[in-house]
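One structure below.
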Amino acid sequence: MEYLLIVATDPEGEPFVPEDDNVGDWVDDLEARGIRVRGQRLRPPTDATLVRMRGGELLVTDGPFTESKEWMAGYDILEVESLDEAIEIASRHPMARFGRIELRPAWPMDVHEPGRERFERERAEEAAAAG
Amino acid sequence: MTSAPATGDAVARAYRDEWARVTATLIRHTGDWTLAEECAAESFARALERWPAEGVPRNPGAWLTTVAKHLAIDRLRRRANEAAKAREAAEMVEVEDGRNVGRRAGVPLPATDAADPADAAADGWGDGDDSGDGVDDRLRLVFTCCHPALALDARVALTLRTLGGLTTSEIAHAFLVPEPTMAQRIVRAKQRIRNAGIPYRVPDAAALPERLGGVLAVLYLVFNAGYSASDGEAERRGALADEAIRLARLVVRLMPDENEASSLLALMLLQDSRRRARVDADGELVMLDAQNRSRWDAAEIESGLAVLHVLARRDGGRGIRGPYRLQAEIAACHATAVTADDTDFDRIAALYDELAALDPSPVVALNRALAHGFAGRPQAGLDELDRLEASGALGRYHLLPAAQGELLARAGRPDAAAARLRAALELAPTEPERRHLRRRIDELDPAS
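Going down the list, the protein sequences come from chains G and E.
Residue 45 in numbering that gives the first Met the number 0 is what sits at position 46 of the first sequence, and the numbering runs on without skipping anything.
Residue 84 in numbering that gives the first Met the number 0 is what sits at position 85 of the second sequence, and the numbering runs on without skipping anything.
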């Protein structure tokens with residue numbers, strides 16, 4: 000399964016100690032284990048750009064969008080067998096200590112399936128699952 | 000020829016003993032929890048039909064599992080056929096419409112895969128249920144139902160439904176939740192297992208201690224929901240305590256070397272042995288020291304002590320004792336005291352000292368203070384309770400002033416004791432507890 004690790008700051012995290020920021024070891028370890036991971040650090044929300052189309056008109060504004068002490072500081076995309084493996088890997092990321100990590104499973108889709116068909120099919124599946 | 004009632008009993012017994020195994024095996028093969036439950040339930044219905052005429056099979060579990068597997072394969076095949084028909088129909092429409100039928104090449108829709116699970120499952124289902132790694136499927140089920148990525152109430156519901164075989168209606172009833180709410184909770188939990196990628200697997204050695212702790216916490220929560228029942232709901236919820244004990248026995252059978260699992264079973268048995276004595280003929284709550292000890296369940300006490308005996312022999316009395324072990328030892332001190340006055344409170348206080356070091360929770364601190372007070376040191380206990388009160392950790396918890404009242408009474412200060420019990424009365428959440436407090440206040444301060 001594919002997971003997005005949303006690496007975020009957290010005011011309740013442990014104090015940041017630069018010497019303990021061993022993200023390189025984390026990546027090396029994953030590569031040694033043959034686990035595919037790609038990711039990046041992200042510039043803070045102050046460097047973000049917001050794009051919206053409203054009524055056919057393009058609106059471009061600068062960030063940040065909301066005053067928040069918990070912002071996305073980076074991401075990693077992992078391909079693993081299950082949530083347990085993703086949890087184990089996330090738990091060893093330095094930002095699990097200094098901040099927090101949200102694991103979001105990918106939701107695969109056929110991008111060429113017409114939107115209406117997908118909408119109806121998924122709604123029917125949801126109803127079937129609920130009995 | 001077996002009589003109908005006898006086979007009915009056999010099916011009921013098989014349901015208790017084999018439900019988890021049948022369901023757990025089907026989940027491993029199909030990955031579909033709802034299908035597994037439906038086919039497991041259907042296999043017991045078939046047993047009710049066929050066992051009276053054919054006799055109870057020598058191995059009911061194997062019979063049920065085989066029937067349930069065939070039902071599952073049939074359903075998966077039917078689903079695959081329907082999906083194939085739907086796909087053919089859709090493709091015909093597309094051809095007629097002149098649309099590009101090839102545009103989905105290489106991107107299989109979920110439905111087109113549906114033919115595979117049935118065949119794969121049928122091929123993989125040999126004679127044995129063993130997945131090859133020697134792991135009992137029920138153990139996978141235990142850990143998946145109690146996975147920390149599920150909300151606690153979902154873990155409880157899923158454990159009782161899938162592992163315990165309780166119906167949604169029974170679970171809803173026990174937790175005083177409307178049935179549709181409980182049904183929704185279970186559906187969501189199953190969806191989350193699939194969508195979040197929660198594996199059907201026993202955690203590896205590194206994660207096991209923490210994950211096992213989570214499993215035991217769910218079982219103890221179920222037990223307490225049953226045990227602490229009050230008023231008219233006692234009987235209905237008593238079923239939850241029974242179920243928790245049954246599930247704890249299962250976990251102990253599956254993981255006999257895990258001391259804390261055995262300890263939790265001992266703790267439940269020893270606490271449950273007092274169930275009948277906790278309420279008197281008028282439905283009034285009876286505190287431990289006033290209980291009629293002849294109403295305690297001697298067989299349950301015996302079983303609980305036997306488990307502790309095995310644990311003591313295993314560690315030679317020197318091993319590290321976990322929180323459930325310590326609580327079970329405390330419960331054993333009560334269970335083996337002939338009268339309340341004979342209780343070895345010195346030993347209980349020492350066990351609470353050890354427990355408080357492992358578990359710094361305010362409720363443990365409260366019980367530790369009480370134990371020291373009952374061990375002939377009421378002032379030490381009161382001082383500790385004062386510190387606890389000053390910390391604010393217990394907020395408006397009624398048992399704090401109630402404990403102060405009891406220790407003040409032991410310290411020979413009945414007026415102060417009655418005052419604290421009145422404070423507890425204001426905070427007590429249930430009517431039986433309020434009645435008990437009123438009785439105690441009357442005893443200490445008959446003039447009031």
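Ideal Cβ placement from N, Cα and C applies to all residues, glycine included.
It should be emphasised that the depicted structure is a prediction, and the values quoted were computed from it without experimental measurement.
Collapsing the DSSP output to three states places E/L165 in coil. For G/V59, there is no enclosing alpha helix (DSSP H); the enclosing beta strand (DSSP E) covers residues 56-61. In this structure, the straight-line span from the alpha carbon of E/H308 to that of E/D340 is close to 24 Å.
Between the region 18-28 of chain G and the region 88-95 of chain G, the count of C-beta pairs closer than 8 Å reaches three or more; the two stretches touch. In the structure shown, E/M267 falls within a helical segment according to DSSP collapsed to helix, strand and coil. The Cβ atoms of G/E69 and G/D9 sit closer than 8 Å to each other. Put simply, the CB of E/N194 is near chain G, with a gap under 8 Å to one of its CB atoms. Here E/Q290 has A276 as same chain residues with Cβ atoms under 6 Å from its own Cβ, once five neighbours each way along the sequence are excluded. In the DSSP annotation of this structure, the continuous segment of the alpha helix (DSSP H) that includes E/Q378 starts and ends at 377-390. For the alpha helix (DSSP H) assignment, the uninterrupted runs of no fewer than 4 residues enclosed by the region 317-384 of chain E are, from N- to C-terminal side, 322-334, 344-357, 361-373. Taking 8 Å as the CB threshold, E/P198 lines the interface with chain G.
Straight-line spacing of the CA atoms in E/A349 and G/L41 works out to 54 Å. About 19 Å separates the CB atoms of E/P202 and E/R193; that is not less than 8 Å, and the two are not in contact. Flagged as an interface residue toward chain E: G/D83, by a C-beta distance shorter than 8 Å. By a beta-carbon distance limit of 8 Å, E/V363 contacts E/A355. Their separation comes to about 5 Å. Sequence-ordered contacts of the region 145-164 of chain E with chain G read A148 [C-beta pairs closer than 7 Å]. Distance from the Cα of G/L3 is smallest, within the candidate group G/A105, G/A123, G/P14, for G/A105.
Cβ-Cβ separation between E/L215 and E/Y323: approximately 7 Å, consistent with a contact (criterion under 8 Å). About 11 Å separates the Cβ atoms of E/V21 and E/A46, ruling out a contact at the 8 Å cut-off. Put simply, the CB of G/P113 is far from chain E, with every gap to its CB atoms at 8 Å or more. Residues of chain E whose Cβ lies closer than 8 Å to the Cβ of G/M0 are, in chain order, G196.
A buried status is given to E/R191, since no fewer than 16 other beta-carbon atoms sit within 10 Å of its beta-carbon. Restricted to the region 139-185 of chain E, the alpha helix (DSSP H) segments that are unbroken, complete and at least 4 residues in length are 151-157, 167-173, listed in chain order.
A Cβ of chain G is located within less than 8 Å of the beta carbon of E/P202.
Contact with chain G is absent for E/V134, since none of that chain's Cβ atoms lies less than 8 Å from the residue's Cβ. The three-state reading of DSSP puts E/T22 in helix, counting H, G and I together. Where G/G114 is concerned, there is no enclosing beta strand (DSSP E), although the alpha helix (DSSP H) around it starts and stops at 114-128.
According to DSSP, residue pairing for G/Q39 in a beta bridge involves G/Y74. Listed in chain order, the non-local C-beta contacts of E/L63 below 6 Å within the same chain comprise E17, V21, S42, local neighbours out to five positions each way being set aside.
Residues of chain E with a Cβ closer than 9 Å to the Cβ of G/P104 are, in chain order, N194, A195, G196. In this structure, DSSP gives G/E1 an extended state, which the three-state scheme calls strand. Close to E/Q190, with beta-carbon spacing below 7 Å, are these residues of chain G in chain order: A128. Within a 10 Å sphere around the beta-carbon of E/H28 sit 16 or more other beta-carbons, which makes this residue buried.
Take E/V134, set aside five residues on each side of it, and the residues of its chain with a beta-carbon closer than 8 Å to its own are V201, in chain order.
Around the Cβ of E/K84, a 10 Å sphere holds fewer than 16 other Cβ atoms; the residue is exposed. Leaving aside the five residues that flank E/L218 on each side, the residues in its chain whose CB is nearer than 6 Å to its CB run, in chain order, A243, L246, A247.
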